[in-house]
Amino acid sequence: MNGKAVTRGEAHLSTRTRLERGRTALGPALELVHTGRAPTRAVLTAELGVTRATAGAVAAELEALGLISVDAKPSAAAGSQGRPSHRLSVAGDGPVALAAQVHADGFRAALVGLGGRIVATAPGCETIDADPAQVLGSVIEAGAQLLRETGRRCVGAGLAVPSAVAEPEGTALNPLHLAWPAGAQVREIFADCVRGAGIEGPAFTGNDVNLAALAEHRHGAGRGARDLLCVATGHRGVGGALVLDGRLHTGSSGLALEVGHLTVNPEGRPCYCGSRGCLDVETDPMAFLAAAGAEPSPEGLLVQARRLVAEEYADPAVRTAVEALIDRLGLGLAGLVNILNPDRIILGGLHRALLEADPERLRAVVADRSLWGRSGGVPILACTLDHNSLVGAAELAWQPVLDDPLGALG
């Protein structure tokens, strides 16, 4: 017999080494399946740079934790040759994260599984109390009811708020469009509400547009971008977020990219920040309704503004308002492109509707004002996820599981 004989001790050591490597790979493997980048075991093997046996062991471990499903006998595609690789997908009945969002027109709670799948949502509330504890207690109560109804295991909770959230304190520094006091301890209040409802797992809080960008980068229009700029209207105001080299950029203390306070109309409306003509008050739903001559309706500012663009664009007043907001938005985006040089821009909220109404006008404004616009225009795309801030809030709660599945759930 050629070669060196393998002793029982050496075989045991090899098996143990493979298991240790597999456990180290659990988090990266789960993230690949979570973001849709490893639809098969063959792709997982290649992405992880491990053997087929190790990839199989990793997939089996994640399946045993109830996080993914492995189809060992997938049907072959038409015209393909050879045995098809095992297909991997997130578990349809697996654990969920509790996600919550608060905005000027109300709040909403949802349960979100791996892959950014919204499993259940509670009816949104349309009134926001001036006491953060009252609001967050109500939204957690709605989320806890969803957990009771579905019987799902909860890995943690995430909250999206329309304010910069200072790190590491977790305070909402400028909830300008809520009646909350500046500096409200939203993370601490939220965590207390989560614990008070008997919900297990950690609690996290973040800015709503930051979380929308995170969700879109992992599951939506931003997937595959390295340096992604997201600009979006909420129900009131404008926010921005930046993903750099695949990671959300929040600055030294969580306050980066307050794009809403770029001046785009020096003679424009007074802004809540004390300046004038900011993107925040020149391109949000309230600005659009005022420009179109429409009175705010009970359906909510963002819903009403998007409906006007979609259904009444032929109305000269609506078209003129759309063009005015596109020109101001394009001016702001061009400035951001000159500073940040992103490889993709995605727009959400009312800005998505403006893009869809007249994409060429917006792209032309950005190109004309941008240093790189004519030689290397930046793709400008619409956000694709419904409730992307909710999905992003859930991503915060899922992150400890993605980092260490065994440690978080084992």
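Under the working numbering, the first residue of the sequence shown carries the number 1348, and numbering increases by one thereafter.
Positions of the beta carbon are idealized from the N, C-alpha and C atoms, including for glycine.
Just verifying my parser: in three-state terms, what is the DSSP assignment at L1609? coil
Own chain residues within Cβ distance below 8 Å of M1633, not counting five before or after: R1583, P1643, L1648
G1490, DSSP secondary structure in three states: G1490: helix per DSSP, three-state reduction.
For L1373, which of P1386, G1383, L1697, L1391 has the nearest alpha-carbon? L1391
In chain order, which continuous runs of the beta strand (DSSP E) of length 3 or greater are located wholly inside the segment 1569-1639? 1574-1580, 1585-1591, 1594-1596
With DSSP as the reference, please indicate the residues paired to C1472 in a beta bridge. F1454
Please list the terminal residues of the continuous alpha helix (DSSP H) segment that includes R1716. 1706-1716
Taking DSSP as the reference, what is the three-state secondary structure of L1333? For the chain, the structure presents residues 1348 to 1757; residue 1333 sits outside this window and is missing.
Along the beta strand (DSSP E) that carries T1418, what are the first and last residues, could you check? As written in the sequence, residue 1418 is Asp, which differs from the Thr given in the question. First-last of the beta strand (DSSP E) with D1418: 1415-1418.
May I ask which residues mark the beginning and end of the alpha helix (DSSP H) holding T1401? 1399-1411
Taking DSSP as the reference, what is the three-state secondary structure of G1567? coil
Reference R1534, options G1571, Q1448, V1611, closest by Cα: Q1448
Locate the beta strand (DSSP E) running through L1435, then write down its first and last residues. 1434-1437
From G1426 to S1432, what distance separates their C-alpha atoms? The predicted position of G1426 is uncertain, since its pLDDT is 47 and thus under 50; a value taken from the coordinates is nonetheless stated next. Rounded to the nearest angstrom, the two C-alpha atoms are 15 Å apart.
Is DSSP giving N1735 helix, strand or coil here? helix
Give the straight-line distance between the Cα atoms of E1394 and L1558, rounded to the nearest whole angstrom. A direct Cα-to-Cα measurement between E1394 and L1558 gives close to 26 Å.
Coil, strand or helix - H1359 by DSSP: Residue confidence for H1359 is low, a pLDDT of 42 falling below 50, so the modelled location carries little weight; the figure read from the coordinates is stated next. Helix.
Could you tell me which residues DSSP puts in a beta bridge with N1554? V1508
For L1435, count neighbouring C-beta atoms within 10 Å of its own C-beta (all shown protein chains included) and say buried if the count is 16 or more, exposed if not. buried
To the nearest whole angstrom, what separates the beta carbons of G1757 and L1412, a pair I think is in contact under 8 Å? 7 Å
With three or more beta-carbon pairs closer than 8 Å as the criterion, would you say the segment 1557-1571 touches the segment 1675-1689? no
By the DSSP assignment, the beta strand (DSSP E) with R1691 in it spans what residues? R1691 -> beta strand (DSSP E) spans 1691-1695.
Straight-line gap, R1623 to D1751 (C-alpha atoms, nearest Å): 47 Å
Should the segment 1502-1509 be called in touch with the segment 1521-1530, which here means at least 3 C-beta pairs below 8 Å? Segment contact: the segment 1502-1509 against the segment 1521-1530, three or more CB-CB distances shorter than 8 Å; contact assigned.
Would G1677 pass as a contact of L1709 if the rule is Cβ separation under 9 Å? yes
So V1437 and V1380 are supposed to be a Cβ contact under 8 Å. How far apart are they, rounded? 6 Å
Same chain, Cβ closer than 6 Å to E1670, five either side skipped, listed in chain order: none
Which of the three DSSP states, helix, strand or coil, is assigned to L1523? coil
What residue range is occupied by the uninterrupted alpha helix (DSSP H) comprising A1477? A1477 -> no alpha helix (DSSP H), and no H or E assigned at all.
Taking its Cβ as the centre, do 16 or more other Cβ atoms sit within 10 Å of A1746, making it buried, or is it exposed? Correcting the residue type first, residue 1746 is Gln in the shown sequence and not Ala. Buried, by the Cβ-count rule.
Name the DSSP bridge partner or partners of V1459? A1444, I1465
CB of T1387 within 9 Å of CB of V1443, strictly: no
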